[in-house]
Every structure is written in structure tokens, then in C-alpha cells.
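Residue numbering for the sequence shown is 9 to 191, as defined by my numbering.
Note that beta-carbon positions come from the ideal geometry of N, C-alpha and C, so glycine has one too.
It should be emphasised that the depicted structure is a prediction, and the values quoted were computed from it without experimental measurement.
Notes follow the structure.
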Amino acid sequence: MPRIQPIHEDQMSETTKAQLEPIRKARGRVINIYATLAHSPAALDYVLAGGKAMSKMSLNAKLREAVTLAIAGVNQCDYCAAAHNAVGLKLGVSQQELTDNLNGKSSDALTQAAIDLSLTLVVGEGNVSDEQLAAARAAGLNDARIVELIVLVAHNLLTNYFNHVAQTDIDFPAVEMPEALSA
9 MPRIQPIHED QMSETTKAQL EPIRKARGRV INIYATLAHS PAALDYVLAG
59 GKAMSKMSLN AKLREAVTLA IAGVNQCDYC AAAHNAVGLK LGVSQQELTD
109 NLNGKSSDAL TQAAIDLSLT LVVGEGNVSD EQLAAARAAG LNDARIVELI
159 VLVAHNLLTN YFNHVAQTDI DFPAVEMPEA LSA
């Protein structure tokens with residue numbers, strides 16, 4: 009049961025409804041994380057704007073989803089794991105690859121490097137060694153991609169933590185969470 013209840017659409021302000029209209033159009037409904045964030049139109053706007061900005065990154069959608077799943081795995085965020093597994097499936101990623109991503113693994117070398125750097129950032133609370141950064145660069149992550157990964161990690165920490173506190177009801181098919189994953 010959620011500790012912060014989602015706001016029903018009939019109780020939302022017109023401004024909040026307008027903020028959520030692109031979500032409704034894209035997904036056919038307002039998903040629980042956004043309905044819960046709607047308690048604060050400013051917080052909702054912040055998260056939505058971040059998501060929109062990330063869609064413009066040089067990191068492609070499949071790589072972003074892989075990293076997002078790995079972060080959900082390490083943080084044990086069942087809501088984000090379920091939501092991003094569903095997004096990955098819509099992108100045409102196999103269920104096996106998505107499960108591997110949730111467990112911090114990828115069959116693609118560049119994606120694995122992005123996952124590794126991202127999990128190092130999460131577990132290291134933003135700290136990485138010169139060697140870890142050099143390994144990421146050697147695997148093909150240039151400075152622009154590294155900057156984007158830092159932003160992607162921060163955004164996902166925000167949504168993971170939000171879901172932990174709110175105990176957001178999962179409105180996607182649930183996925184089996186990995187055992188305690190670490191970098």
C-alpha cells in the first residue's frame with residue numbers, strides 16, 4: 009500500500025492535468041509515479057523536464073534503459089524495474105537482455121561500460137577512480153556520454169528514492185528483482 013497516495017485525475021488542478029497530458033497520450037494513462045508526484049506540480053515538472061531532456065542525449069534509448077534497469081537493480085526499486093522493463097520490451101530489447109541489465113550485465117560492450125560506470129557512481133556515492141574513468145573511456149564513453157551518464161544516474165536515484173519513500177503501487181508487469189546487486 010502506498011505511503012503517499014496518487015492523486016486521482018478528477019482531483020488534479022487543470023495545470024497538473026496539462027502537465028500530464030503528454031504522458032496520457034504516450035502511455036494511454038497517467039502512471040502511478042506521476043500521479044503521486046502530482047502532489048507537487050513543481051516536483052512533477054522537474055521530473056518530467058528531466059525525462060524530456062534525457063531523450064535528447066547522445067546515449068540511445070536502449071542504453072539509457074539498460075543503465076536505468078541496472079540502477080533499479082542495485083537500489084532494489086521494484087517500481088522502476090517493472091516500468092523500465094516494459095519500456096525496454098517496447099524498444100525491442102529481449103527479456104533476457106533486460107533481465108541481465110537488471111542484474112548489472114549486458115551483452116553489448118559499450119552498454120556494459122555504461123552500466124559499470126553508472127553502478128560505480130551509485131555505490132561510490134559519486135566517486136570514481138582515475139582507473140575506472142579511464143576504463144570507461146577506453147570502452148568508448150567520451151566526455152559527453154560520461155556527463156550524460158552522471159545526469160542519468162542522478163535522475164534515476166531521484167525516482168528510485170521517491171518510489172522507496174512513497175511505496176508507489178506498481179502499475180506494470182512486475183519483474184523478479186535480483187539479490188543484493190553491487191558494483
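Residues near residue i by beta carbon distance below 7 Å, same chain, minus five either side
{"i": "L56", "result": "Q27"}
{"i": "Q84", "result": "M185"}
{"i": "D53", "result": "Q27"}
{"i": "Q19", "result": "none"}
Pair within 8 Å by beta-carbon distance, residue i and residue j
{"i": "I89", "j": "L110", "result": "The residue you asked about is not Ile; residue 89 is Ala in the sequence shown. In this structure, L110 lies closer than 8 Å to A89 by Cβ."}
{"i": "A174", "j": "R72", "result": "no"}
{"i": "V130", "j": "L165", "result": "yes"}
{"i": "I192", "j": "A80", "result": "Because the chain in this structure spans residues 9 to 191, residue 192 falls outside the shown range and cannot be described."}
{"i": "H78", "j": "S126", "result": "Note that residue 78 corresponds to Ala in the displayed sequence, not to His. Against a cut-off of 8 Å, the Cβ pair of S126 and A78 comes out as a contact."}
{"i": "V161", "j": "N93", "result": "no"}
{"i": "D121", "j": "L99", "result": "Strictly speaking, residue 121 in this sequence is Ala, with Asp absent from that position. No, the Cβ-Cβ distance between A121 and L99 is not below 8 Å."}
{"i": "A143", "j": "A117", "result": "no"}
{"i": "Q104", "j": "L97", "result": "no"}
{"i": "V82", "j": "G112", "result": "yes"}
{"i": "Y87", "j": "T23", "result": "no"}
Other residues of its chain near residue i: CB distance less than 6 Å, five sequence neighbours each side excluded
{"i": "I39", "result": "D179"}
{"i": "A50", "result": "none"}
{"i": "S21", "result": "none"}
Residue-level contact to chain C via CB, residue i, 8 Å cutoff
{"i": "Y54", "result": "The question asks about chain C, but that chain is absent: this structure has only one protein chain."}
**Report entry** Those runs of the alpha helix (DSSP H) which lie wholly inside the segment 66-119 and span at least 4 residues
**Finding:** Listed in chain order, the complete alpha helix (DSSP H) runs (minimum 4 residues) inside the segment 66-119 are 69-83, 86-98, 103-110.
Query raised in the report: Are the segment 146-159 and the segment 44-51 touching, with three or more C-beta to C-beta distances below 8 Å?
Result: Segments in contact, no.
Requested in this report: Write down every uninterrupted run of the alpha helix (DSSP H) in the segment 11-59 whose length is 4 residues or greater and which is fully enclosed by it, in chain order.
Outcome: Entirely contained in the segment 11-59, the alpha helix (DSSP H) runs reaching 4 residues are, in chain order, 22-35, 40-45.
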